[in-house]
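Asker:
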Amino acid sequence: MSSTVDQQPISRTIGKRRERDGQAMTNDDRARMTTMARHTTCAPKGVFIYHSHEEMDADRLRWTVDAIVAHAKIAVDVKPSPA
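Everything in the sequence shown is counted per the numbering used here, starting at 2 for the first residue and increasing by one.
1) Can you confirm whether the segment 20 to 29 touches the segment 51 to 59 when touching is taken to mean that 3 or more C-beta pairs between the two stretches lie within less than 8 Å?
2) Which of the three DSSP states is assigned to H40 in this structure?
3) DSSP three-state label for A25, please.
4) On the three-pair Cβ rule with 8 Å, is the segment 30 to 48 touching the segment 62 to 70?
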């Protein structure tokens, strides 16, 4: 059983949080929130039941490859065309 005597004291706090209760969001806050809202994962949502690890690995690999291909297509579309 642990007691407070053998616990290490907190000697330093890094960074500070500022309370935001009741304050309006800044433009930077809104931009970050929009960026986070656009984030998608490579796996579809839901509960998946597999009969083996191999089935799970195959699905995970397929989802990862699909995400990489989609990301590559976006990167190619964004590149400026040579003049």
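Heads up, the beta-carbon is just placed ideally off N, CA and C, and yes, glycines get one too.
Answerer: Taking the coordinates as given:
1) They do not touch, by the three-pair rule.
2) Within the sequence shown, numbered from 1, the residue matching residue 40 stands at position 39. Note: H40 maps to coil in three-state DSSP.
3) Numbered from its first residue, the sequence shown carries residue 25 at position 24. Correct three-state label for A25: coil.
4) Enough Cβ pairs lie closer than 8 Å, so yes.
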